[in-house]
Amino acid sequence: IDGMVINCPNRLFMGEGKREPIDEIRHEDDPDTIYRMD
């Protein structure tokens with residue numbers, strides 16, 4: 063099945079008071095990810 067996912071967030075959550083690191087998952091940096099980009 064072919065498909066396309068578009069993710070256009072307008073903000074990244076940083077925890078209460080925005081005092082924590084940005085919650086960002088970079089699947090493209092993980093060589094064992096199940097997500098593939100061509």
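Numbering of the sequence shown is given in the numbering used here, commencing with residue 63 and proceeding in unit increments. Even glycine gets a Cβ: it sits at the ideal position worked out from N, Cα and C. Just so you know, these numbers come straight off a predicted model, no measurement behind them.
Check: What is the DSSP secondary structure of Glu90, counted as helix, strand or coil?; Outcome: helix
Check: Does Glu78 come out as helix, strand or coil in the three-state DSSP assignment?; Outcome: helix
Check: Compare the C-alpha of Phe75 against each of Val67, Asp64, Ile84 and name the closest.; Outcome: Ile84
Check: What's the gap between the Cα of Asp64 and the Cα of Asp91?; Outcome: 22 Å
Check: Roughly how many whole angstroms lie between the Cα atoms of Cys70 and Glu86?; Outcome: 13 Å
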